[in-house]
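Everything below concerns the one structure shown next.
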Amino acid sequence: MRLPTWRDYVPATSGGRTFTVISLVNAIGTGLYLAASAVFFVRAAGLTAGEVGTGLAISGVVGFLATVPIGAAGDHFGARRTLIALQLWRAGGFVALCFVHGVIGFTLVSCALAMAEAATQPMTQAVASATVAGSDRTRTMAIIRTVRNVGFSLGALLAAPLLAADGVWTYRAIVLGTATAFLASALMLVRLRISGADRPQHKVAPLTAVRQFRDWRYGLLTILNGVLNLHVTILSVGLPLWALAATEMPTGLLPGLILINTVLSIVLQVPVAKAAEREGGAVRALRLAGIAMVLCCLALAAASGPSAAWVAGALLVVGCVLLTFGEMWQATGGWDLSYNCAPEDRKGIYLAVFSLGGTGQRIVGPVLVTAVVTVAGPAGWFGLAALFAVAALLVGPVTRLLKLVEAVEPAEAVEPAEAVEPAEASGVGTVPVEPSEGRAR
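Take 3 as the starting number for the sequence shown in this note's numbering and just add one per residue.
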């Protein structure tokens, strides 16, 4: 893996570059909000910690349930149009959030925002993937992820002086800044011309499409990716709690672990993604993600043994580096497989289903990882390592099953006596039928 140059971080197409700027603006707005949300809820909205937790828990369930129907709407109305609507929806939701008082209003606005937030990720992937050619798609998604990490950090930095001012209207200004970022993203999307993402791809009504979804193979791939996505919770919850409760590492080193993860993700995501562009690269990337997470869990378990602080600290650093590579490989493999294994006319609903793996991880992950840290101890890390190993082993067979069904069933669906016009056989003047359209749902 060669060292990247600045050209590696610039998409090859003008559409890819435009969408990268849109993603940066989005991420800055999100970073603003994430840095100030807890303080805003308590000091500007007048909520207690319990009320915030209840409202966010309810909105999380609502967002989870709304993801797939909105993804189906993306197929029905067009992915770009749907994403524009979602960005406007988010902008309006954050304006409303500025003036919320009381738990009922907060919960209602949070539910509306959660619906839009949950569906934005798969719609973003659908539009971004339609913006660039297949050979450059994975690299562009890696650049977008890198830019988003930078944007989150910039947003947090912009929020710092406003938080220091410590006033109700400065907190509201932060939330309004987030709304402005999403509005700007919507306006830039209006000017983004992508023929493939503008056309409605599926004429079935969205709710009917949801009821008709039967692709258990893709669902299984979603679950496996969700398991590999546990790196998110391990980094944010498991690693800090484990370092404090079970190791001799000085508390002051914890921010350094997060910094290591952030820097490596920004610098290495693009070259890591490039390795997945080869044949079978996506499956290989998810396998490597599983292997890296197995080794990460073993390193974290070992960190509880040494009495010397420097040994424990070194093992935690090794675990953090392994986790970061697992994160980058998982993201790379997930982008590629989720898109390429989805039928051409149903990218929206399929990508929405795939995103449920990450959403489900955010619901189940904290409970699972906390139990590992507080109850099971090192044995819990060994159990997580086994879970990652199983996921890594199953990715290949499940993907082959998806490809096999995709290739075989369209051939079985063709009538033997059906005549084929010469023009159709050559593909001239016709719209080609995607092989995946014949797959059982």
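We put the CB at the ideal spot given by N, CA and C, even for glycine.
In the three-state reduction of the DSSP assignment, PHE42 falls in the helix class. In this structure, DSSP gives ILE196 a state outside helix and strand, which the three-state scheme calls coil.
When secondary structure is reduced to three states using DSSP, MET117 falls in the helix class. Approximately 14 Å separates the beta-carbon atoms of PRO13 and THR7; this is outside 8 Å, ruling out the contact. Its chain contains ALA294, MET295, LEU297, CYS298, ALA301 as the residues whose beta carbon lies nearer than 8 Å to that of LEU324, once the 5 sequence neighbours on both sides are disregarded; these appear in chain order. Between GLU119 and GLY157 a beta carbon distance of about 15 Å is seen, past the 8 Å cut, so the two are scored as non-contacting.
Across the set ALA130, ILE225, THR249, ILE365, the C-alpha of ALA130 shows the shortest separation from the C-alpha of ARG19.
Sequence-distant partners of SER61 (beyond 5 residues in either direction) whose C-beta falls short of 8 Å from its own C-beta, in its chain, are THR109, SER112, CYS113, LEU115, ALA116. Note on geometry: alpha-carbon atoms of ALA387 and THR84 lie some 39 Å from one another. Inclusion of ALA183 and ILE365 in the CB contact set at 7 Å is not warranted, their separation being larger than that value.
When LEU191, THR326, LEU317 are compared, the shortest CA-CA separation from LEU230 is found for THR326. A straight line joining the alpha-carbon of VAL105 with that of ALA75 spans about 30 Å. By the Cβ neighbour-count rule, SER357 is buried, with 16 or more other Cβ atoms within 10 Å of its own.
Within the segment 360-390, no complete beta strand (DSSP E) segment of 3 residues or longer occurs. Contact between VAL41 and TYR173 holds: CB atoms are separated by about 6 Å, below the 8 Å threshold. Apart from the 5 residues on each side of it in sequence, ALA46 sits with its Cβ closer than 7 Å to the Cβ of VAL170, TYR173, ARG174 in its chain, given in chain order. Distance from the CA of GLU53 to the CA of VAL44, rounded to the nearest whole angstrom, comes to 10 Å.
When DSSP states are grouped into helix, strand and coil, ARG83 belongs to the helix group. The residues VAL285, ARG289, in chain order, have a CB closer than 8 Å to that of GLY398 in the same chain once the five nearest residues on each side in sequence are set aside.
If you draw a straight line from the Cα of ALA38 to the Cα of GLY48, it is about 14 Å long. ALA278 has its alpha-carbon roughly 25 Å from the corresponding atom of GLY362. A straight line joining the alpha-carbon of THR122 with that of THR32 spans about 13 Å. Between TRP331 and ALA291, the beta carbon gap of about 4 Å places them in contact (Cβ cut-off 8 Å). Here ALA135 is exposed: its Cβ has fewer than 16 other Cβ atoms, across all protein chains shown, within 10 Å.
Straight-line measurement puts the Cα of PRO368 at about 29 Å from the Cα of CYS343.
Counted as a single uninterrupted DSSP element, the alpha helix (DSSP H) harbouring TYR341 occupies residues 311-342.
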